[in-house]
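Student: Structure in structure tokens, see below.
Numbering (my numbering), first residue to last: 404 to 685.
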């Protein structure tokens, strides 16, 4: 599972995935494909998000209960909490990994009517980063050095862009690793996220090339777009204090890098009416 940065046409994807007929999936637990065990899994949902929360998967096994033994099958073998969980999805025989994480919840449901079922949920490795609060202290390190050190505790691959500036002291101050990584990313205007077995701590995306172009009425069934100035501002000024030179530090944001083909940004439209500035004390 990797972060795909290629550009596709709809026809290319349609050809690759057999005209999008016959949706298919595979579920691997500790490397074993449980679909081959004749499990009845009527549906599976994988939810991913750019929001600061873990990606997750949710599915049910309808034939897990053994009526004769009056017990659930596969519980110890596959559905033990903490086992690695990988999900592949696609069409016919063209499948790609869309989720990698661990089993975090197994629920046995005994209904008043019908057979008992198992419901299995899993979350990606970011859920482990979110647990607890840690105390860490680094001297003369870069944010990128600290991010790499923390990320390597959770995933086998960490991709980090050098933040260049050496910081005198970096203090985690009782935050979870996830919250601390988000804090460091915010401090240097970086993006931090996980994709599968890889953690990214990188400069923000500035590319303007579209990944895929869809056309309403052809391969796009419905679509809505919203243009909104409610949260836009025209200028950001940050003020701080230099302890060594005993004088204030003042800096203002530079011009933004516009994404897309529009000739005007929210800032441009607001300046036609007034200056809307945000002042931040660092």
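Yeah, the Cβ is synthetic: ideal placement off N, Cα and C, and Gly gets one too.
Going along the chain, which unbroken runs of the beta strand (DSSP E) with 3 or more residues stay wholly within the stretch 549-595?
Tutor: 560-563 and 569-574
Student: Contact between the stretch 468-486 and the stretch 443-455: three or more CB pairs below 8 Å?
Tutor: Result no; under three Cβ-Cβ pairs closer than 8 Å.
Student: Let's test the definition: count the other Cβ atoms within 10 Å of the Cβ of residue 599 and tell me whether it reaches 16, buried, or not, exposed.
Tutor: Start at 1 with the first residue of the chain shown, and residue 599 comes out as number 196. Counting the other Cβ atoms within 10 Å of the Cβ of residue 599 gives 16 or more, which makes it buried.
Student: Can you round the beta-carbon distance between residue 509 and residue 528 to whole angstroms, since I take them to be within the 8 Å contact cut?
Tutor: Translated into the one-based positions of the chain shown, residue 509 becomes position 106. Translated into the one-based positions of the chain shown, residue 528 becomes position 125. In fact, because the Cβ distance is near 19 Å, the residues do not count as touching under 8 Å.
Student: I need the DSSP call for residue 546, collapsed to helix, strand or coil.
Tutor: Taking the first residue of the chain shown as position 1, residue 546 is located at position 143. In the structure shown, residue 546 sits in a helix (DSSP, three-state: H, G or I).
Student: If you follow the beta strand (DSSP E) that residue 414 is part of, which residue opens it and which one closes it?
Tutor: The residue you call residue 414 lines up with position 11 of the chain shown. First-last for residue 414: 413-419, but that is the alpha helix (DSSP H), not the beta strand (DSSP E).
Student: Quick check on residue 554: buried or exposed, where buried means 16 or more other Cβ atoms within 10 Å of its Cβ?
Tutor: As a working note, residue 554 is residue 151 in the chain shown. Looking at its Cβ environment, which holds 16 or more other Cβ atoms inside 10 Å, residue 554 is buried.
Student: Would residue 463 pass as a contact of residue 520 if the rule is Cβ separation under 7 Å?
Tutor: Reading the chain shown from its first residue, position 60 is the one you call residue 463. Reading the chain shown from its first residue, position 117 is the one you call residue 520. A contact, by the Cβ cut-off of 7 Å.
Student: Between residue 491 and residue 429, is the Cβ-Cβ spacing less than 7 Å?
Tutor: Numbered from its first residue, the chain shown carries residue 491 at position 88. Numbered from its first residue, the chain shown carries residue 429 at position 26. Contact: yes.
Student: Return the CA-CA distance between residue 414 and residue 626, expressed in angstroms with no decimal places.
Tutor: As a first step, residue 414 must be located in the chain shown, where it is residue number 11. As a first step, residue 626 must be located in the chain shown, where it is residue number 223. Going from the Cα of residue 414 to the Cα of residue 626 covers about 20 Å.
Student: Taking 8 Å as the cut-off, does the stretch 614-629 touch the stretch 419-434 (at least 3 CB pairs, one atom from each stretch)?
Tutor: no
Student: What is the C-beta distance between residue 587 and residue 549, in whole angstroms, given that I count them as a contact (C-beta under 8 Å)?
Tutor: Along the chain shown, one-based indexing puts residue 587 at 184. Along the chain shown, one-based indexing puts residue 549 at 146. Residue 587 to residue 549, Cβ: 7 Å. Contact.
Student: In whole angstroms, what separates the C-alpha of residue 595 from that of residue 439?
Tutor: On the chain shown, position 192 is the one that residue 595 refers to. On the chain shown, position 36 is the one that residue 439 refers to. Distance between the alpha carbons of residue 595 and residue 439: 36 Å.
Student: Going straight from the alpha carbon of residue 562 to that of residue 457, what length do you get?
Tutor: Locating residue 562 in the chain shown gives position 159, where the first residue counts as 1. Locating residue 457 in the chain shown gives position 54, where the first residue counts as 1. Near 19 Å, if we compare the C-alpha coordinates of residue 457 and residue 562.
Student: What residue range does the alpha helix (DSSP H) around residue 532 cover?
Tutor: Taking the first residue of the chain shown as position 1, residue 532 is located at position 129. For residue 532, the enclosing alpha helix (DSSP H) covers residues 529-532.
Student: In this structure, does DSSP put residue 436 in helix, strand or coil?
Tutor: The sequence position of residue 436 within the chain shown is 33, counting from 1. Looking at residue 436 - three-state DSSP - the assignment turns out to be strand.
Student: So if DSSP puts residue 506 in a beta bridge, which residue, or which two residues, is it bridged to?
Tutor: Along the chain shown, read from residue 1 onward, the residue named residue 506 stands at position 103. DSSP, once it has assigned bridges, lists 525 as partnering residue 506.
Student: Are residue 493 and residue 427 close, meaning C-beta to C-beta below 7 Å?
Tutor: What you label residue 493 is simply residue 90 of the chain shown in a count that begins at 1. What you label residue 427 is simply residue 24 of the chain shown in a count that begins at 1. Yes, they are a contact pair.
Student: One question on the structure: do residue 565 and residue 547 come within less than 7 Å of each other, judged by their Cβ atoms?
Tutor: Taking the first residue of the chain shown as 1, we reach residue 565 at position 162. Taking the first residue of the chain shown as 1, we reach residue 547 at position 144. By the CB criterion at 7 Å, residue 565 and residue 547 fall inside the cutoff.
Student: Comparing C-alpha positions only, which one of 642, 637 and 646 sits nearest to residue 653?
Tutor: Taking the chain shown and counting its residues from 1, the one referred to as residue 653 is at position 250. Per the Cα distances, 642.
Student: Who pairs with residue 615 in a beta bridge, going by DSSP?
Tutor: Start at 1 with the first residue of the chain shown, and residue 615 comes out as number 212. In the DSSP output, where bridge partners are listed per residue, residue 615 has 411.
Student: Just to confirm the assignment, what range does the beta strand (DSSP E) spanning residue 604 have?
Tutor: Mapped onto the chain shown, residue 604 falls at position 201. It spans 601-605 - the beta strand (DSSP E) in which residue 604 sits, taken as one unbroken run.
Student: Closest to residue 597 by C-alpha separation, out of 591, 590 and 605, would be which residue?
Tutor: What you label residue 597 is simply residue 194 of the chain shown in a count that begins at 1. Measuring from the Cα of residue 597, the nearest candidate turns out to be 605.
Student: Taking the straight line between their C-alpha atoms, what separation do you get for residue 644 and residue 608?
Tutor: Along the chain shown, read from residue 1 onward, the residue named residue 644 stands at position 241. Along the chain shown, read from residue 1 onward, the residue named residue 608 stands at position 205. Spanning the two alpha carbons is a distance of roughly 30 Å.
Student: If you check the beta carbons only, do residue 650 and residue 601 fall under 7 Å apart?
Tutor: For the purposes of this step, residue 650 is taken as residue 247 along the chain shown, with counting starting at 1. For the purposes of this step, residue 601 is taken as residue 198 along the chain shown, with counting starting at 1. No, the pair does not count as a contact, with Cβ atoms beyond the cut-off.
Student: Identify the continuous beta strand (DSSP E) that holds residue 642 and give its terminal residues.
Tutor: Start at 1 with the first residue of the chain shown, and residue 642 comes out as number 239. That run of the beta strand (DSSP E) goes 638-645.
Student: Got a sec? Which residues, its chain only, sit under 7 Å from residue 580 by beta carbon, not counting five neighbours each side?
Tutor: If you number the chain shown from 1, residue 580 lands on position 177. Taken in chain order, the residues that qualify are 532, 537 and 553.
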